[in-house]
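What follows is a single structure, written as structure tokens, with notes after it.
In the working numbering, the protein residues as written are 1 to 163.
Spelled out as structure tokens, the structure:
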């Protein structure tokens, strides 16, 4: 055997002994694909109980209170036909949205309904939608924590769970 053949055989044996280094795992599930146009207003609705991003065509006024009003109105007919729902309680709109001077410090969403007793799913929809809307207009970073304040007090600040 030539030296080259021995070297190639040794290399092949080393590769076979170490394997490719990738370990088997369970299926890793991602979230549902984004629907709608590539740019637009980001709303977080529910699909089979899971929080998902739905993009709607952009409008002239995409301020956080206007976007949250769209969320409060619930899924449009075409979204309902595709199985989207919402846990945001009736009466959530109107709201005010304020931000801290530091864009990463957070947002406060104020509403006239009870905030502490709303479901965590509804709160997540509001938090993610408010954070994305504020980021779109340069009011805050989309990873900023959001505090929801209502008639029964405030929920602790938290960022969108999908970040």
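Using N, Cα and C, we set each Cβ at its ideal position, and we do this for glycine too. Values in this document were obtained by computation on a predicted structure and should not be read as measured data.
Measure how close the beta-carbons of residue 107 and residue 140 come, nearest whole angstrom, since I'm counting them as under 8 Å.
In the chain shown, counting from the first residue as 1, residue 107 sits at position 107. In the chain shown, counting from the first residue as 1, residue 140 sits at position 140. Contact holds; Cβ gap of about 5 Å.
Between residue 97 and residue 127, which are expected to be in contact by the criterion C-beta below 8 Å, what is the C-beta distance as a whole number of angstroms?
The residue labelled residue 97 in the question sits at position 97 within the chain shown. The residue labelled residue 127 in the question sits at position 127 within the chain shown. Contact check for residue 97 and residue 127: beta-carbon distance about 12 Å, past the 8 Å limit, so the pair fails to qualify.
Suppose contacts are defined by Cβ-Cβ distances below 8 Å. Is residue 115 in contact with residue 84 by that definition?
Within the chain shown, residue 115 is the residue found at index 115, counting from 1. Within the chain shown, residue 84 is the residue found at index 84, counting from 1. The Cβ atoms of residue 115 and residue 84 do not sit closer than 8 Å to each other.
How would you write the range of the alpha helix (DSSP H) that residue 162 sits in, first residue to last?
Your numbering for residue 162 matches position 162 in the chain shown. Careful: residue 162 lies outside any alpha helix (DSSP H) and carries neither H nor E.
Just the Cα atoms here: how many angstroms apart are residue 102 and residue 130?
Your numbering for residue 102 matches position 102 in the chain shown. Your numbering for residue 130 matches position 130 in the chain shown. About 16 Å.
Assuming residue 89 and residue 65 form a contact by the criterion Cβ under 8 Å, report the distance between their Cβ atoms to the nearest whole angstrom.
Position 89 of the chain shown, counted from the start, is the residue given in the question as residue 89. Position 65 of the chain shown, counted from the start, is the residue given in the question as residue 65. About 17 Å; that fails the 8 Å criterion.
For residue 129, report the span of its alpha helix (DSSP H) as first-last.
By 1-based counting over the chain shown, the position of residue 129 is 129. Segment 120-136, the alpha helix (DSSP H) holding residue 129.
Which residues does DSSP pair with residue 59 in a beta bridge?
One-based indexing of the chain shown puts residue 59 at position 59. Note: residue 59 sits in no beta bridge, so no partner.
How would you write the range of the alpha helix (DSSP H) that residue 67 sits in, first residue to last?
In the chain shown, the residue the question calls residue 67 occupies position 67. Element bounds for residue 67: 64-73.
I need the straight-line Cα distance from residue 104 to residue 142, nearest angstrom please.
Residue numbering aside, residue 104 sits at position 104 when the chain shown is read from its first letter. Residue numbering aside, residue 142 sits at position 142 when the chain shown is read from its first letter. Distance between the alpha carbons of residue 104 and residue 142: 8 Å.
Is the stretch 39-46 close to the stretch 119-126, with three or more CB pairs under 8 Å?
yes
Could you tell me which of 151, 49 and 86 sits nearest to residue 73, measuring between CA atoms?
Here residue 73 refers to the residue found at position 73 of the chain shown. It is 86.
Measuring only between beta-carbons, confirm whether residue 98 sits less than 8 Å from chain B.
Looking for chain B here will not work: only one protein chain is present.
Quick one: grab the DSSP three-state call for residue 79.
Along the chain shown, one-based indexing puts residue 79 at 79. Note: residue 79 maps to helix in three-state DSSP.
How many angstroms separate the CA atom of residue 112 from the CA atom of residue 151?
On the chain shown, position 112 is the one that residue 112 refers to. On the chain shown, position 151 is the one that residue 151 refers to. If you draw a straight line from the Cα of residue 112 to the Cα of residue 151, it comes to about 5 Å.
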